[in-house]
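Trainee: Heads up: the sequence shown begins at 66 in the numbering used here, then just goes up one per residue.
Below is one structure. I have some questions about it.
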Amino acid sequence: MKKSPLQKARAAYQPKLPVVLTGPVKVVEGEATTSVADQEAIKNLFPETYGLPEIKFEKRTTPVAGKPVNVGVILSGGQAPGGHNVICGLFDGIKKLHRDSRLYGFLMGPGGFVDHNYMELTSAIIDEYRNTGGFDIIGSGRTKLEKVEQFDKGLEILRELNIAALVIIGGDDSNTNAAVLAEYYKSINAGVQVIGCPKTIDGDLKNDVIETSFGFDTATKVYSEVIGNIQRDCNSAKKYYHFIKLMGRSASHIALECALQTQPNICIISEEVEAKNMTLQDIVNSIADVVARRAADGKNFGTVLVPEGLIEFIPAVKKLIAELNDMLAANGDEFAAVAPAEQRAWVIAHLSKENAAVYESLPAGVARQLTLDRDPHGNVQVSLIETEKLLSEMVKKRLEEMRAEGKYNGKFSPLHHFFGYEGRCADPSNFDADYCYALGFNASCLINAGVTGYMSSVRNLNKPSVQWQAGGIPITMMMNMERRNGELKPVIQKALVRLDGVPFRKFEEKRDEWALNTCYVYPGPIQYFGPAEVCDQPTLTLKYEHQGK
Ligand code: FBP
């Protein structure tokens, strides 16, 4: 494979491992844990793995003789920069335990595990992927691991390859599956450990004990670079409004981080929309108001950041989606048989009066998307909804009304962008390269410690990587019960943007100034080489969250 000069130089980067992981470790157990909510229900569903203690690794002075161990690894869900380094860290970790240890990668996500598609990851293969973006080393997929038949089928290949531990690198849904699998294997004494690693660019797999998911740092840096470039273009020509939708299925962490980095004129935060019980029209009015005020000041240009998940957070739409989920889960076959031209009427007839009215009020394209196939985890595929276009069209209409009322006298030329996929496979920033390598290496320590149902946890991330702490968190500790596909299910609680958190408060303090003035910041591309203040800075979200602790 032909490599670019940067790829070649980057291959030589040596991730900076936390000091504690550079030699043998001893396991220090904390208190027994409980789940974040619904304790009784989670305890009943996870009798084997509920209540386990947190684990912290400390340096051990005497070396221990390690045994060879065969490990399987799965990349699950959306790509996130640094996934390859998790695998490299895991590989180096198990090889350090014993040079005869082996690593097997299951191909194209959990589906490869169930269907027995795998490859052995040798040092020659691993070396090709160090510090690279993407998940192409073994591929990824969204097959949901939830049925006992899948677990049993997977166990066959684990037994055949003598695999004692499986590492699942995934987001909240995939780590939920890891917990369910760990519980099942423990309940049947399968002798297989299951360890999770926190991945997702969305940044919503975090809590008091997992400070961030990997990939968020790099992806937001990539988006911030291009937003900055657009802002400079915008401020040069002074004639366009750029509506920029940013990935992040549900929470608005990506939009908020990019806003903190680039200081756009407007950034919508879905969690605020929900908390203030705003309608779609309220959001449109607030954008139109800024556009009109800027126009009064002679500025007919600007930038508007829109989080991908916005539509689901508008309270009325959220209620509608909840009813649609249950209704489509119960009548899916009937709905599938309805001719496309009749579907809108069919849906309206099957909804409650209140939700039918909301459904009818939505533009036809958006309404239709809400009824299309969910992903395997039951989520509406929000990345397919063109919210940025929907908003700009509605803003245009509102501005014409304001013009008629004598409240607006300007020009409004919108352009649209969606930044998502272009950030998911970038070469990991130094932060993500180090963090991911540490997460993978740490997973090998958890395997050596003999635990199951744990997530690899590396903390103290606002400090230089050598000072990071390492350990493991029982996955059940992060769980609560939520409705999915019409049923109550145990899932890892998603971390949404906290309106009382420091990152949002910093944004809130400044946003009026950014709206009316032009305060753009141009972060530029990720720098992989150079001084630490340019190359090794974590996200502002992480920095501010630490300030709030
Ligand atoms: P994960 O939660 O699996 O990490 O995926 C995140 C994400 O990138 C979302 O931001 C986005 O909505 C979704 O994946 C897109 O899914 P797909 O890759 O299947 O198009």
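C-beta atoms are modelled at their ideal positions from N, C-alpha and C, and glycine is treated no differently.
Just so we're clear, the structure is a prediction, and the values are computed from it rather than from any experiment.
By how many angstroms is the C-alpha of Val287 removed from the C-alpha of Glu487?
Mentor: Cα to Cα, Glu487 sits roughly 8 Å from Val287.
Trainee: Considering Phe400, what are the terminal residues of the alpha helix (DSSP H) in which it resides?
Mentor: Pro380 to Ala401
Trainee: Is the distance from the Cβ of Ile120 to the Cβ of Val516 below 8 Å?
Mentor: yes
Trainee: Return the residue from the list Pro603, Met546, Gly595 and Gln592 that minimises the CA-CA distance to Ala102.
Mentor: Met546
Trainee: For a quick check, are the C-beta atoms of Lys462 and Ala357 less than 8 Å apart?
Mentor: no
Trainee: So, do the region 98-116 and the region 152-165 have three or more beta carbon pairs nearer to each other than 8 Å?
Mentor: Taking 8 Å as the limit for Cβ pairs, the verdict is that the region 152-165 does not touch the region 98-116.
Trainee: Which runs of the beta strand (DSSP E), 3 residues or longer, sit entirely within the region 400-485?
Mentor: 479-484
Trainee: Count the other CB atoms, across all protein chains shown, that sit within 10 Å of the CB of Glu453; report buried if there are 16 or more and exposed otherwise.
Mentor: Its Cβ being crowded by 16 or more others within 10 Å, Glu453 is buried.
Trainee: From the DSSP output, which residues share a beta bridge with Ala244?
Mentor: The partner list for Ala244 (beta bridge, DSSP) is empty, contrary to what the question assumes.
Trainee: Cβ of Asp267 versus every heavy atom of the ligand FBP: is any distance shorter than 7 Å?
Mentor: yes
Trainee: Should Gly198 be listed as close to the ligand FBP, given that the test is whether its C-beta is under 7 Å from any heavy atom?
Mentor: The ligand FBP has no heavy atom closer than 7 Å to the beta-carbon of Gly198.
Trainee: What's the gap between the Cα of Leu370 and the Cα of Phe569?
Mentor: Roughly 15 Å separates the two Cα atoms.
Trainee: Would the beta-carbon of Ala597 fall within 8 Å of that of Tyr78?
Mentor: no
Trainee: Using the three-state DSSP reduction, which class does Ser335 fall into: helix, strand or coil?
Mentor: In the three-state reduction of the DSSP assignment, Ser335 falls in the helix class, which pools H, G and I.
Trainee: Assign Met312 to one of two classes, buried (16 or more other C-beta atoms within 10 Å of its C-beta) or exposed (fewer than that).
Mentor: buried
Trainee: Taking 7 Å as the cut-off, does the CB of Gly176 come closer than this to any heavy atom belonging to the ligand FBP?
Mentor: no
Trainee: Excluding the 5 residues flanking Leu464 on each side, which residues of the same chain have their C-beta closer than 6 Å to its C-beta?
Mentor: Ala353, Tyr473 and Phe477
Trainee: Taking 7 Å as the cut-off, is the C-beta of Glu466 nearer than that to any heavy atom in the ligand FBP?
Mentor: no
Trainee: Quick check: the region 330-337 against the region 393-411, are there 3 or more CB pairs under 8 Å?
Mentor: Contact between the region 330-337 and the region 393-411 is not established, with fewer than three Cβ pairs separated by less than 8 Å.
Trainee: For Met520, list the residues DSSP reports as bridge partners.
Mentor: Gly261 and Ile538
Trainee: Can you tell me whether Thr265 is buried or exposed, with buried defined as 16 or more other CB within 10 angstroms of its CB?
Mentor: buried
Trainee: CB-CB under 6 Å to Asn513, same chain, minus the five flanking residues each way: which ones, in chain order?
Mentor: Leu162
Trainee: What does the Cβ neighbour count give for Val213, buried or exposed, with the cut at 16 atoms within 10 Å?
Mentor: exposed
Trainee: Quick one: residues in its chain with C-beta nearer than 8 Å to the C-beta of Tyr169, no 5 flanking neighbours on either side, listed in chain order?
Mentor: Asn135, Val136, Gly137, Val138, Tyr183, Met184, Glu185, Leu186, Leu226 and Ile228
Trainee: Which same chain residues, not among the five before or five after Thr277, have their C-beta less than 7 Å away from its C-beta?
Mentor: Gly268, Lys271, Leu526 and Leu607
Trainee: Assign Phe594 to one of two classes, buried (16 or more other C-beta atoms within 10 Å of its C-beta) or exposed (fewer than that).
Mentor: exposed
Trainee: May I ask which residues mark the beginning and end of the beta strand (DSSP E) holding Arg549?
Mentor: Met544 to Arg549
Trainee: Under 8 Å, do Pro372 and Ser317 count as touching if we go by C-beta distance?
Mentor: Result yes, Cβ atoms of Pro372 and Ser317 sit closer than 8 Å.
Trainee: Output the boundary residues of the alpha helix (DSSP H) element that contains Asn150.
Mentor: Gly148 to Leu162
Trainee: Shorter than 7 Å, the distance from the beta carbon of Lys286 to the closest heavy atom of the ligand FBP, or not?
Mentor: no
Trainee: Suppose the cutoff is 6 Å on Cβ atoms and the five residues either side in sequence are ignored; what does the same chain contact list for Tyr500 look like?
Mentor: Phe279
Trainee: When DSSP builds the beta bridges, which residues end up paired with Lys91?
Mentor: Looking at the DSSP assignment, Lys91 forms a beta bridge with Glu123.
Trainee: Report the residue ranges of all beta strand (DSSP E) runs contained in full by the region 266-316; include only those spanning at least 3 residues, in chain order.
Mentor: 306-311
Trainee: Which of the three DSSP states is assigned to Ile56 in this structure?
Mentor: This structure gives no information on residue 56, because the portion of the chain shown stretches from 66 to 614.
Trainee: Can you find a heavy atom of the ligand FBP that lies under 7 Å from the Cβ of Arg489?
Mentor: Under cutoff, so the answer is yes.
Trainee: What would DSSP say about Ser141, mapped onto helix, strand or coil?
Mentor: strand
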